[in-house]
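Convert by adding 120 to the 1-based position in the sequence shown; the result is the number in my numbering.
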Amino acid sequence: MNAERIETEASNVANIKSQIKRNRQNEKARLRNKAVKSSLKTAIRKFREAVDAGDHTTAQAHAKAASRALDKAASKGIIHKNQAANRKSSIDKVANGLGAE
121 MNAERIETEA SNVANIKSQI KRNRQNEKAR LRNKAVKSSL KTAIRKFREA VDAGDHTTAQ
181 AHAKAASRAL DKAASKGIIH KNQAANRKSS IDKVANGLGA E
């Protein structure tokens, strides 16, 4: 992570005070967004792993958690609301199909 941070700082060589502040704010937002996206991917991965294992009750719980994480990411503007809706739809489709098998 240090190499990544050094790279972004080196590319943000600004002379104007407002641009220096903007770069600092953008870096904080980027790290926040990265953390939320990472936890979102983890929630979806846990759901998929539960489905692959065939554990229906755990899969249902992880589906709910993944849907919640998608909604939160969409509300914060990290992902688009339509992307969240599409991903939730595919998760729900898989989750609802578990009982039929």
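We put the beta carbon where it would ideally sit given N, CA and C, even for glycine.
Can you look up residue i in the DSSP assignment and give me helix, strand or coil?
i: V133; result: coil
If we call anything under 8 Å between Cβ atoms a contact, is residue i one with residue j?
i: K213; j: S187; result: no
i: A194; j: K201; result: yes
i: A134; j: I140; result: yes
i: L218; j: H182; result: no
i: L160; j: A189; result: yes
i: A163; j: A170; result: no
Could you round the C-beta distance between residue i and residue j to whole angstroms and report it? I think they count as a contact, below 8 Å.
i: I198; j: N153; result: 5 Å
Mark residue i as exposed unless 16 or more other C-beta atoms lie within 10 angstroms of its C-beta, in which case mark it buried.
i: A155; result: exposed
i: I211; result: buried
i: A215; result: buried
Is there at least one non-hydrogen atom of the ligand NAD closer than 7 Å to the beta-carbon of residue i?
i: A205; result: This structure simply doesn't include the ligand NAD, nor any ligand for that matter.
Start-end ranges of the alpha helix (DSSP H) lying completely within the segment 138-200, minimum 4 residues:
Listed in chain order, the complete alpha helix (DSSP H) runs (minimum 4 residues) inside the segment 138-200 are 176-195.
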